[in-house]
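Here the structure comes first, spelled out in structure tokens, and everything after it is commentary.
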Amino acid sequence: MKELQFDSAVIGGGAAGMAAALELSARGLSCAVIEREDELGGILMQCIHNGFGLIEFNEELSGPEFAQRLEEKVRSAAITPFCGATVIEVEDNGEHKVISCVSGAWGVIRIKARAVVLAMGCRERNRGNIRIPGSRPAGVFTAGLAQRLVNIEGYIPGKDVVIIGSGDIGLIMARRMSWIGCKVHAVVEILPYPSGLTRNIVQCLKDFGIPLYLSHLTTNIYGQDRVEGVEVTPIENGALMFDRSFRIPCDTVLLSVGLVPENELSRSLGIDLSPMTNGPWVDSTLMTSVPGVFACGNVLHVHDLVDFVVEEARRAGSFAADWLAGRRKDKELRVKAGSNVRYVTPGRLDPARDNKLYLRTLIVKNDAVLEVRLNNKTVRSQKKSHVQPSEMISFNLGPSELAAARESPDSVLEVSIL
Amino acid sequence: MKQGSDTFDVVIIGAGVSGANIARRLCSYELDVALVEKEADVSFGISKANSGIVHGGFHHGSKYLKARLEVLGASMFDRLKAELDFPFERCGIVVVALHEDEMRSVEQLYTQGVENGVIGIEMCSRERMLELEPKLSSDTVGGLYAPGGGIVEPYRFVFSLVENAQKNGLSLLTDYKVVQARRAGELWTVTAADGRAVQARYVVNAAGLFADEVSRIFGAEEYLVHARKGEYYLLDRQTKAKPDRVVFPVPTSVSKGMLIVPTVEGTVLIGPTATKVDDKEDCATTREELDTILKSARNMIPSISEGDVITSFAGIRSVIEEDFMIEASAKVPAFIHVAGIQSPGLTASPAIGEYVKDLLKKAGLRLVEKADFDPFVRKVPRAKDLSPFELDALIQKDPAYGELVCRCERVTEAEIVEAIRRGHTTLDGIKYFTRAQMGRCQGGFCTYKILKIIMRETGMKAGEITKRGGASTVLRGEL
Ligand SMILES: Cc1cc2nc3c(=O)[nH]c(=O)nc-3n(C[C@H](O)[C@H](O)[C@H](O)COP(=O)(O)OP(=O)(O)OC[C@H]3O[C@@H](n4cnc5c(N)ncnc54)[C@H](O)[C@@H]3O)c2cc1C
Ligand SMILES: Cc1cc2nc3c(=O)[nH]c(=O)nc-3n(C[C@H](O)[C@H](O)[C@H](O)COP(=O)(O)OP(=O)(O)OC[C@H]3O[C@@H](n4cnc5c(N)ncnc54)[C@H](O)[C@@H]3O)c2cc1C
Numbered sequence: 010m011k012e013l014q015f016d017s018a019v020i021g022g023g024a025a026g027m028a029a030a031l032e033l034s035a036r037g038l039s040c041a042v043i044e045r046e047d048e049l050g051g052i053l054m055q056c057i058h059n060g061f062g063l064i065e066f067n068e069e070l071s072g073p074e075f076a077q078r079l080e081e082k083v084r085s086a087a088i089t090p091f092c093g094a095t096v097i098e099v100e101d102n103g104e105h106k107v108i109s110c111v112s113g114a115w116g117v118i119r120i121k122a123r124a125v126v127l128a129m130g131c132r133e134r135n136r137g138n139i140r141i142p143g144s145r146p147a148g149v150f151t152a153g154l155a156q157r158l159v160n161i162e163g164y165i166p167g168k169d170v171v172i173i174g175s176g177d178i179g180l181i182m183a184r185r186m187s188w189i190g191c192k193v194h195a196v197v198e199i200l201p202y203p204s205g206l207t208r209n210i211v212q213c214l215k216d217f218g219i220p221l222y223l224s225h226l227t228t229n230i231y232g233q234d235r236v237e238g239v240e241v242t243p244i245e246n247g248a249l250m251f252d253r254s255f256r257i258p259c260d261t262v263l264l265s266v267g268l269v270p271e272n273e274l275s276r277s278l279g280i281d282l283s284p285m286t287n288g289p290w291v292d293s294t295l296m297t298s299v300p301g302v303f304a305c306g307n308v309l310h311v312h313d314l315v316d317f318v319v320e321e322a323r324r325a326g327s328f329a330a331d332w333l334a335g336r337r338k339d340k341e342l343r344v345k346a347g348s349n350v351r352y353v354t355p356g357r358l359d360p361a362r363d364n365k366l367y368l369r370t371l372i373v374k375n376d377a378v379l380e381v382r383l384n385n386k387t388v389r390s391q392k393k394s395h396v397q398p399s400e401m402i403s404f405n406l407g408p409s410e411l412a413a414a415r416e417s418p419d420s421v422l423e424v425s426i427l
Numbered sequence: 259m260k261q262g263s264d265t266f267d268v269v270i271i272g273a274g275v276s277g278a279n280i281a282r283r284l285c286s287y288e289l290d291v292a293l294v295e296k297e298a299d300v301s302f303g304i305s306k307a308n309s310g311i312v313h314g315g316f317h318h319g320s321k322y323l324k325a326r327l328e329v330l331g332a333s334m335f336d337r338l339k340a341e342l343d344f345p346f347e348r349c350g351i352v353v354v355a356l357h358e359d360e361m362r363s364v365e366q367l368y369t370q371g372v373e374n375g376v377i378g379i380e381m382c383s384r385e386r387m388l389e390l391e392p393k394l395s396s397d398t399v400g401g402l403y404a405p406g407g408g409i410v411e412p413y414r415f416v417f418s419l420v421e422n423a424q425k426n427g428l429s430l431l432t433d434y435k436v437v438q439a440r441r442a443g444e445l446w447t448v449t450a451a452d453g454r455a456v457q458a459r460y461v462v463n464a465a466g467l468f469a470d471e472v473s474r475i476f477g478a479e480e481y482l483v484h485a486r487k488g489e490y491y492l493l494d495r496q497t498k499a500k501p502d503r504v505v506f507p508v509p510t511s512v513s514k515g516m517l518i519v520p521t522v523e524g525t526v527l528i529g530p531t532a533t534k535v536d537d538k539e540d541c542a543t544t545r546e547e548l549d550t551i552l553k554s555a556r557n558m559i560p561s562i563s564e565g566d567v568i569t570s571f572a573g574i575r576s577v578i579e580e581d582f583m584i585e586a587s588a589k590v591p592a593f594i595h596v597a598g599i600q601s602p603g604l605t606a607s608p609a610i611g612e613y614v615k616d617l618l619k620k621a622g623l624r625l626v627e628k629a630d631f632d633p634f635v636r637k638v639p640r641a642k643d644l645s646p647f648e649l650d651a652l653i654q655k656d657p658a659y660g661e662l663v664c665r666c667e668r669v670t671e672a673e674i675v676e677a678i679r680r681g682h683t684t685l686d687g688i689k690y691f692t693r694a695q696m697g698r699c700q701g702g703f704c705t706y707k708i709l710k711i712i713m714r715e716t717g718m719k720a721g722e723i724t725k726r727g728g729a730s731t732v733l734r735g736e737l
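Taken in sequence, the protein lines are chains A and B. For the first sequence, the residue numbers in our numbering are 10 to 427. For the second sequence, the residue numbers in our numbering are 259 to 737.
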């Protein structure tokens, strides 16, 4: 069994993993990136649509183009990528973390590193998670799987499609399926508002005349061997209107019902997870509850824009480098989700420097206010022309706004959307 | 052995756990045996979707054939496991009483178990129950403990039985739906929907839910097999509510109730419900029933959470009357009914194999033991069970063991290829053989990889691959 040693190791070679590794290597540290697939890039590789990189590169790229830009940098940096290698276990031996991965080419490799960045991305929620009753025929796919089948493998999953859930991947697949000559009969969403980005609603549904049923629940899937249709029931004031249920015939159902950070490895390492994000709980340096293990990208919390992923990952890489250089955190203050906020991450801030926070709100609202209170005193009140759960909100807080926290040891920062 | 000939000593109709046990038992004798199955693979009937429990022998009184075969069958599993390499564990069974008045029934179960000769069965106080299973509800007042009860992966059991029977000469014919039978001289001619035909000196009808139809096709006794659906939820192995033993409620007069089963593979199964259905292929799940399951399971283990659900499914029980109906036809010659194999059919199945062998002998079939009978199957190393050192050694021999296909259940390409080479070429067949697609992402990540491996190994085209045979094609073509 091969054993290798690096200063740092990154698990997952998507946008997050590559960006974190680049930062670590820029700081003169040796770094291994371990990626299960045969190439770097992660989920970006199947997103052949445009819309990536507006912030990062100031131009509109496709997913693979965005990935390629990062990959070229990775290849020219002193980074060792292991592709086609799946991490099956991470152990914490105090001084070192030991990562075991399997690959056909090398067998089982054990990689020792003093710092580890988790960047495993996320997986899609499936039919079982949302409990759609009915039969279990062929023809039910998660939208991301369908995207992979069409864009990378070149297969047609079905001809007459209904999409359940209005997440971004589903919306993008509605357009993609229409382009390859399939008929998309409807997108069905349980909530009263779409869960994908507004630009995708316009470009992927409206432009193709695909109906979007908001406040509708898919109450059954029919079909013995292959899907034959779905039953859809309107929701009014929280109640299902079964007398107005209707059936949409189709041979294919795509599910776009949310993503879940992929934290099985984190869990086995004993890392504390947040029930709100399903990602690791992290401090102001994006370090998890296991010292020397950092997290970024979709494994930390589900992002909608790759540009934010890269930005977050860069910071994770940089904090990991600081940590390896012996820097330990100072006093931190606690961050709490206030009114109308589903989660804020990270869970701790360092009052002595600039911090970046991400949050998701629970509400759809125009003319909202982002309110930040430190020990019950408002330190920021910022207008937001529109907020909705599908669009992540990010903001910075610096030493001047956090000054009060440096005096009192048990400071709490509460973030609300009003 | 006249391999490939189409005249057999015995043709068994139905490759469920009953037919598979009968087939394997008969293949230990100098006989030509065929097993015919209407589905694309074996164990695609009732035997794929059930609770997977090797029962404790206390639920039924010994006046029932099913109770006698249950106790005998249960005792045969250790040896079968050693020979056939399928997941089985004697984890034990508890029955939980949540009210004082339920303790009367628990006593009855206890007495019944003792009368049936069950070893180690124990009446338990509240303290003993909570010591055995600390996750039980604080309302627990006492219960029953049967340490010999166990859990098994039913489809793997059937796959192993059939594979071993094939090794010993069995002819397996799948996609073979029996639609016609004629008797001429000493032989039955058994014809399939697609026109294929085999001849048999004896026929065993182990057609599960469709045993009544098959009986009719042969002009034998008229009876009706009723279908009773049972719905389940499957919980992620990460659930905090997993008990160590199978947890039963106190049964009612009509059903054993809804259970909590820690499966051999580490997930947790809750259910089944019991609803009479008209359509024997109606495996649809319903919202109401699923809600009932959660509620009932939480009565026993309150920490069971909806968030742990990874999938739901349903199985259908075949019920004629209160008992199994295993007997030679009185109406037509050389025809044995193995019908109404309701619960505990899985548990009883090894004993059903013995019983049917004896019935055939009584009906004149000559049994000569096969000198070279080989009771073992070739074990497939499973990546998930190996230490890193063992896995590394295996990858050096076969790099396909280094290609992880299903990450949730840690299944490698080598295992998928092995499944395909052993005849499991549908997505479901591969799922049951390897567990790939069975974990928390339910195939979200690995399905495309499996599709590609099937194409490579079998030469099938994209549009030909099915989920479970028939018209269940997965893809509609290529771009
Ligand atoms: C379908 C879809 C459409 C999107 N569209 C847009 C868009 O239009 N514009 C935009 O800006 N953003 C978009 N995004 C968001 C953005 O692209 C992603 O959030 C981002 O790429 C995620 O990067 P990541 O590195 O965190 O995760 P991933 O890209 O998922 O990378 C994780 C990597 O880790 C690997 N991995 C996981 N576990 C292991 C293990 N045990 N061993 C080895 N490797 C492992 C995986 O193989 C994967 O390559 C989209 C996202 C999706 C899913
Ligand atoms: C919800 C549920 C839970 C259960 N739990 C347990 C348990 O925990 N423990 C236990 O011991 N038992 C349990 N049982 C009972 C057990 O599952 C069954 O008794 C057993 O699987 C029956 O097996 P079988 O071979 O008789 O039927 P099947 O598995 O249905 O096999 C019959 C086969 O015949 C085939 N067939 C039908 N018609 C034709 C035809 N015309 N031509 C060719 N082939 C045909 C079918 O396709 C099928 O594959 C449970 C049952 C259910 C439904």
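Ideal Cβ placement from N, Cα and C applies to all residues, glycine included.
Problem - C-beta atoms of G205 (chain A) and G176 (chain A) nearer than 8 Å - result: yes
Problem - Sub-8 Å separation of F317 (chain A) and L295 (chain A) beta-carbons - result: no
Problem - M334 (chain B) versus G303 (chain B): straight-line alpha-carbon distance, rounded - result: Taking the straight line from one Cα to the other gives about 23 Å.
Handout entry: Per DSSP, cross-strand counterpart(s) of I43 (chain A)
Key = A:I20 and A:F91
Practice task
Within the same chain, show all residues whose beta-carbon is closer than 7 Å to that of K222 (chain B), passing over the 5 residues directly before and after it, in chain order.
Solution key: Any question about residue 222 (chain B) goes unanswered here, given that chain B covers just 259 to 737.
Handout entry: Endpoints, beta strand (DSSP E) assigned at T354 (chain A)
Key = From DSSP, the beta strand (DSSP E) with T354 (chain A) extends over V350 to T354.
Problem - Host alpha helix (DSSP H) of S276 (chain B) (start-end) - result: V275 to L284
Exercise for the section: State yes or no: is the beta carbon of A147 (chain A) nearer than 8 Å to at least one beta carbon in chain B? Expected result: Against chain B, the CB of A147 (chain A) has a partner CB under 8 Å away; the residue lies at that interface.
Handout entry: Per-residue burial, N272 (chain A) [other beta carbons within 10 Å of its own, 16 or more giving buried]
Key = buried
Problem - N- and C-terminal bounds of the alpha helix (DSSP H) containing Y706 (chain B) - result: T705 to T716
Practice task
Would you kindly work out how many angstroms separate the C-alpha atoms of P270 (chain A) and N287 (chain A), rounded to a whole number?
Solution key: 6 Å
Exercise for the section: Could you tell me which chain A residues have their CB closer than 8 Å to the CB of R282 (chain B), listed as they occur along the chain? Expected result: Per Cβ cutoff of 8 Å: no residues; R282 (chain B) is ~29 Å from chain A at best.
Problem - 7 Å Cβ cut-off: residues of chain A touching V732 (chain B) - result: Near V732 (chain B) (Cβ distances below 7 Å), the residues of chain A are A147.
Practice task
Can you pull the chain A residues whose beta carbon is under 8 Å from the beta carbon of R668 (chain B), in chain order?
Solution key: I97
Handout entry: F404 (chain A) versus C40 (chain A) - alpha carbon distance
Key = 30 Å
Handout entry: Backbone CA spacing between A292 (chain B) and T684 (chain B) [nearest angstrom]
Key = Distance between the alpha carbons of A292 (chain B) and T684 (chain B) is about 22 Å.
Practice task
Taking the CB atoms as reference points, tell me whether I245 (chain B) and I270 (chain B) lie closer together than 8 Å.
Solution key: With chain B running from 259 to 737 in the structure shown, residue 245 (chain B) is simply not present.
Exercise for the section: Using beta-carbon positions only, say whether P203 (chain A) and L226 (chain A) come within less than 8 Å of one another. Expected result: no
Exercise for the section: Output yes if chain A places a C-beta closer than 8 Å to the C-beta of P591 (chain B); else output no. Expected result: no
Exercise for the section: Check whether the Cβ atoms of R474 (chain B) and V577 (chain B) lie closer than 8 Å to each other. Expected result: Their beta carbons are not under 8 Å apart, which means R474 (chain B) does not touch V577 (chain B) by this criterion.
Exercise for the section: Can you pull the chain A residues whose beta carbon is under 7 Å from the beta carbon of Y706 (chain B), in chain order? Expected result: L154, R157, L158 and E162
Problem - Residue nearest to H595 (chain B) in terms of C-alpha spacing, selected from B:F468, B:G408, B:E385 and B:Y287 - result: B:F468
Exercise for the section: Could you list which residues in chain A have their beta carbon closer than 8 Å to that of V567 (chain B), in chain order? Expected result: Within 8 Å Cβ-Cβ: G137, N138 and R140.
Problem - Simplified DSSP assignment, three categories, for Q457 (chain B) - result: strand
Problem - Segment contact, 8 Å Cβ cut-off, at least three pairs: the region 432-445 of chain B with the region 366-384 of chain B - result: no
Handout entry: Partners in chain B for I189 (chain A), counting only beta-carbon separations shorter than 9 Å
Key = L737
Handout entry: Residue range of the unbroken beta strand (DSSP E) whose run includes W446 (chain B)
Key = L445 to A450
Practice task
Check whether the Cβ of Q156 (chain A) sits closer than 7 Å to any heavy atom of ligand 1, and report yes or no.
Solution key: yes
Problem - Closest Cα partner of I219 (chain A) within the set A:R253, A:I173 and A:A29 - result: Of the listed residues, the one whose Cα sits closest to I219 (chain A) is A:I173.
Exercise for the section: Check whether the Cβ of P520 (chain B) lies closer than 7 Å to any heavy atom of ligand 2, and answer yes or no. Expected result: Incorrect: P520 (chain B) has no Cβ contact closer than 7 Å to ligand 2.
Exercise for the section: Rank A:A195, A:F251 and A:D359 by C-alpha distance to the C-alpha of K340 (chain A) and give the top, closest one. Expected result: A:D359
Practice task
Using a threshold of 8 Å, state whether the C-beta atoms of V275 (chain B) and L604 (chain B) are closer than that.
Solution key: yes
Practice task
Keeping to the same chain, check which residues put their C-beta closer than 7 Å to that of L737 (chain B); ignore five residues upstream and five downstream.
Solution key: Cβ neighbours of L737 (chain B) beyond the five flanking positions: none.
Exercise for the section: Measure the CB-CB distance between G167 (chain A) and R726 (chain B) and report whether it falls below 8 Å. Expected result: no
Handout entry: For G306 (chain A) and H312 (chain A), the rounded distance between their alpha carbons
Key = 7 Å
Practice task
Rounded to whole angstroms, what's the CA-CA distance from K11 (chain A) to L644 (chain B)? Just pull it up for me.
Solution key: 17 Å
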